[in-house]
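Order-wise, the sequence lines are chains A and B.
Under my numbering, think of the first position of the first sequence as 3, with each following residue one higher.
Under my numbering, think of the first position of the second sequence as 3, with each following residue one higher.
Every residue, glycine too, gets a C-beta built ideally from N, C-alpha and C.
Computed from a prediction, not measured in an experiment: that's the story for all the values here.
See below for the structure under consideration.
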Amino acid sequence: MRRLLAPLLLGASALAACGPTPIDPARQIGPNPFLPEPHQYLLPPMHVSKALGWKDGAKPTVAAGLQIAPLATGLMNPRSVYVLPDGDVLVAESGGPDEPINRPKQFVMNVLEKKSHTPEDPGQRITLLRDVDGDGKPEVRSVLVDHLNSPFGMAFVDGSLYVADTDAVLRFPFAPGQTRITAPAVKLADLPGGPIDHHWTKSLTASPDGAKLYAGVGSNSNILENGLEAEKNRAAILEIDRTTGASHIYASGLRNPNGLTFEPTTGALWTVVNERDELGPDLVPDYMTSVRPGGFYGWPYSYWGQHVDPRVRPQRPDMVAKAIKPDYGLSSHVAPLGMAFYTGGNLPPAYRGGAFVGEHGSWNRGKFNGYKVVFIPFAGGRPNGMAQDVVTGFIKGGGAQGRPVGLAVDAHGGLLIADDVGGTVWRVTAAH
Amino acid sequence: MPDDEPRYDNPRSTARIAGHPLHPMLVPFPIVCFVGTLVTDIAYARTANMQWANFSSWLLTAGLVMTVFAVIAGLIDFLGDPRIRRLRPAWIHVVGNVLAVVLAIINAFVHTRDGWTAVVPTGLTLSALVVLILLVTGWNGWDLVYRHRVGIRPGDAP
Chain A
3 MRRLLAPLLL GASALAACGP TPIDPARQIG PNPFLPEPHQ YLLPPMHVSK
53 ALGWKDGAKP TVAAGLQIAP LATGLMNPRS VYVLPDGDVL VAESGGPDEP
103 INRPKQFVMN VLEKKSHTPE DPGQRITLLR DVDGDGKPEV RSVLVDHLNS
153 PFGMAFVDGS LYVADTDAVL RFPFAPGQTR ITAPAVKLAD LPGGPIDHHW
203 TKSLTASPDG AKLYAGVGSN SNILENGLEA EKNRAAILEI DRTTGASHIY
253 ASGLRNPNGL TFEPTTGALW TVVNERDELG PDLVPDYMTS VRPGGFYGWP
303 YSYWGQHVDP RVRPQRPDMV AKAIKPDYGL SSHVAPLGMA FYTGGNLPPA
353 YRGGAFVGEH GSWNRGKFNG YKVVFIPFAG GRPNGMAQDV VTGFIKGGGA
403 QGRPVGLAVD AHGGLLIADD VGGTVWRVTA AH
Chain B
3 MPDDEPRYDN PRSTARIAGH PLHPMLVPFP IVCFVGTLVT DIAYARTANM
53 QWANFSSWLL TAGLVMTVFA VIAGLIDFLG DPRIRRLRPA WIHVVGNVLA
103 VVLAIINAFV HTRDGWTAVV PTGLTLSALV VLILLVTGWN GWDLVYRHRV
153 GIRPGDAP
């Protein structure tokens with residue numbers, strides 16, 4: 003099938019080659035990204051990375067003063083990491099459902115999707131890693147809970163472990179120290195799931211006081227091509243009452259919000275967002291933003307404030323007018339899926355208080371963008387300065403040895419990176 | 003072959019089964035699909051209901067798949083008998099339909115876009131152009147048969 007598709011796509015891309023010349027992604031990093039004119043193609047620029055995996059002990063490259071080593075390998079599509087109060091590390095090994103084929107294009111997209119993912123089935127489970135002495139070699143590795151439905155977000159509050167499956171927030175009774183959960187889950191709240199479930203990862207975090215949970219719910223389409231009805235409670239962050247399970251939209255217009263986390267000094271909720279595709283190699287910049295309660299951030303009607311998307315009907319000038327400009331551009335198609343504020347003590351002091359962002363990497367642009375972990379310095383609870391590459395070297399030729407997704411800071415101050423294609427959780431620490 | 007009756011020896015269809023030319027059996031599929039595409043495009047432009055745009059996408063794809071077979075049969079006929087190639091309407095038929103197929107292929111790619119601009123204005127315009135061309139080429143396709151007797155069985159008096 004792929005052999006048939008390749009010449010077809012090549013021929014079409016020759017047809018469609020005329021388009022804007024790509025710009026330096028650095029021009030789109032920061033609070034005021036450069037925004038070129040939108041451009042629509044017969045065939046949009048595409049470069050899908052082939053999943054390679056790490057061979058012969060290969061590993062990512064880190065910035066000066068840091069070192070990296072695998073905390074665990076051989077995982078089944080690890081997508082997110084979470085650190086429990088006692089230091090145990092939870093890894094969600096997960097994959098999304100196949101999208102139904104609503105039109106011929108989806109058939110091609112499913113084929114491309116397969117190329118960029120590992121052929122093994124995702125685990126659909128949570129694995130626990132225990133590294134008491136902090137040497138980066140866990141003494142315990144145990145499947146904590148399995149047979150989950152595309153789990154992603156995790157949060158531990160007050161004797162309960164909350165897991166965001168793709169269609170619900172589940173509550174498991176959990177005592178720190180446990181390595182296996184046998185008690186059945188109680189469903190706390192529904193989340194928008196199938197049958198389409200285009201953006202399936204449901205990020206989860208608890209408010210600092212533990213009273214509320216926040217779930218990131220991505221849109222059910224690129225730009226409304228599955229109809230407005232499919233977008234109910236999507237492209238939003240839902241606030242869920244932890245005792246009653248009642249939920250409501252906390253903020254909206256966020257196409258695919260992930261990495262929900264509270265900034266430690268201000269207590270503000272932050273997220274990274276995957277913006278829309280197929281308007282050109284440098285539109286629309288993905289971003290990181292603080293989230294205002296009740297705030298609307300544009301999707302689908304507009305992007306980066308008031309830039310109207312021509313593909314949406316009916317248009318909504320009233321919603322466009324309300325759209326909040328995000329705080330910080332990360333450049334286009336980098337696909338940020340993880341975010342963590344550095345609160346640890348192990349890494350060099352320059353990293354304290356800033357944010358790490360895991361960029362899963364692009365497909366909708368000729369030249370790869372993302373495929374790395376970056377660091378954005380913060381001052382006074384706001385981004386302050388240019389993003390710096392911290393972990394790179396995921397790309398090798400036309401393929402990806404690994405792709406970073408979720409991030410977390412462990413009990414010893416190491417930065418943990420879930421690498422789905424590499425089947426690995428990486429741990430970054432200060433170099434000796 | 004009754005060559006002794008040259009008056010009734012019509013231009014022959016080479017691609018045929020049991021004396022029935024294949025090309026006229028196959029062309030209704032793409033014609034109906036491409037006319038259908040125009041109809042569902044108009045329905046989408048009036049309602050912005052994505053399901054209509056999805057129908058257009060499927061109709062275009064199905065039309066193009068059936069086009070492959072219709073073109074093969076048509077080309078075999080065109081190349082199979084020099085008397086067909088000497089007919090002016092046959093050339094209009096070939097050139098017009100090649101143009102229609104090229105436009106339909108471009109249209110299929112336009113229809114892979116997401117949302118409104120998958121149809122309005124480029125997709126809808128291309129769908130209408132394809133149908134207009136098919137009206138012309140369909141008309142002279144019938145000319146080839148009813149006037150120039152292409153594929154009419156030799157020996158059958160008019």
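- Residue environment for arginine 88 (chain B): exposed (fewer than 16 other C-beta atoms within 10 angstroms of its C-beta).
- Around the C-beta of alanine 65 (chain A), 16 or more other C-beta atoms lie within 10 Å, and the residue is accordingly described as buried.
- Residues of chain B with a Cβ closer than 9 Å to the Cβ of lysine 234 (chain A) do not exist, since the nearest Cβ in that chain sits about 15 Å away.
- In this structure, tyrosine 289 (chain A) lies away from glycine 220 (chain A), with their beta-carbon atoms at least 7 Å apart.
- Listed in chain order, the non-local C-beta contacts of alanine 270 (chain A) below 6 Å within the same chain comprise Ser292, local neighbours out to five positions each way being set aside.
- A residue is called buried once 16 or more other Cβ atoms fall within 10 Å of its Cβ, and lysine 234 (chain A), having fewer, is exposed.
- Three or more beta-carbon pairs separated by less than 8 Å link the stretch 72-81 of chain B to the stretch 15-28 of chain B, which places the two stretches in contact.
- By the neighbour-count criterion, in which 16 or more other beta carbons inside 10 Å mark a residue as buried, arginine 105 (chain A) falls on the buried side.
- Going by beta carbons, valine 393 (chain A) and valine 274 (chain A) fall outside the 7 Å limit.
- Contact of valine 112 (chain B) with chain A by beta-carbon distance below 8 Å involves Leu44.
- Only buried fits threonine 63 (chain B), as 16 or more other CB atoms lie within 10 angstroms of its CB.
- Among the CB atoms of chain B, none fall inside 7 Å of the CB of lysine 398 (chain A).
- Secondary structure of threonine 42 (chain B) (DSSP, three-state): helix.
- For arginine 315 (chain A), a Cβ of chain B is located within less than 7 Å of the residue's own Cβ.
- For the set B:His95, B:Val147, B:Gly125 and B:Val34, the Cα lying nearest the Cα of leucine 61 (chain B) is the one of B:Val34.
- Valine 133 (chain B): member of the alpha helix (DSSP H) spanning 124-148, first to last residue.
- Looking at the backbone, the Cα of isoleucine 103 (chain A) and that of phenylalanine 109 (chain A) are separated by about 6 Å.
- Remark: C-beta atoms of isoleucine 326 (chain A) and alanine 357 (chain A) do not approach each other more closely than 7 Å.
- Per DSSP, isoleucine 108 (chain B) lies in no beta strand (DSSP E) segment; the continuous alpha helix (DSSP H) that holds it begins and ends at 90-112.
- Rounded to the nearest angstrom, the Cβ distance from methionine 78 (chain A) to glutamate 122 (chain A) is 6 Å, consistent with a contact under 8 Å.
- For alanine 323 (chain A), no beta strand (DSSP E) segment is defined; the enclosing uninterrupted segment is the alpha helix (DSSP H) at 319-324.
- Nearest C-alpha to isoleucine 19 (chain B) among B:Ala50, B:Arg151, B:Pro123 and B:Asp79: B:Asp79.
- Sequence-distant partners of histidine 250 (chain A) (beyond 5 residues in either direction) whose C-beta falls short of 8 Å from its own C-beta, in its chain, are Leu240 and Glu241.
- Neighbours of glycine 229 (chain A) in chain B, taken as residues whose beta carbon is under 7 Å from its own, are Met52 in chain order.
- Secondary structure at lysine 61 (chain A): coil, using DSSP grouped into helix, strand and coil.
- In the DSSP assignment, the residues bridged to proline 287 (chain A) are A:Ser334.
- Shown here for proline 13 (chain B): same chain residues with a beta carbon closer than 6 Å to its own, the five before and five after excluded, namely Asp83, Arg85, Ile86 and Val152 in chain order.
- Put simply, the CB of proline 99 (chain A) is far from chain B, with every gap to its CB atoms at 7 Å or more.
- In the structure shown, tryptophan 272 (chain A) adopts extended strand secondary structure according to DSSP, grouped into three states.
- Across the stretch 119-144 of chain B, CB contacts with chain A closer than 7 Å involve Thr119, in sequence order along the chain.
- Near chain B, meaning a CB-to-CB distance below 9 Å, the residues of the stretch 89-114 of chain A are Asn104, Arg105, Pro106, Lys107 and Val110.
- For asparagine 260 (chain A), the uninterrupted beta strand (DSSP E) segment begins and ends at 259-264.
- The beta carbon of serine 223 (chain A) sits closer than 6 Å to the beta carbons of His200 from its chain, once the five residues preceding and following it are set aside; these are given in chain order.
- Among the CB atoms of chain B, none fall inside 7 Å of the CB of leucine 285 (chain A).
- C-alpha of threonine 267 (chain A) to C-alpha of glycine 179 (chain A): approximately 29 Å in a straight line.
- Distance from the CA atom of methionine 48 (chain A) to the CA atom of asparagine 366 (chain A), rounded to whole angstroms, is 5 Å.
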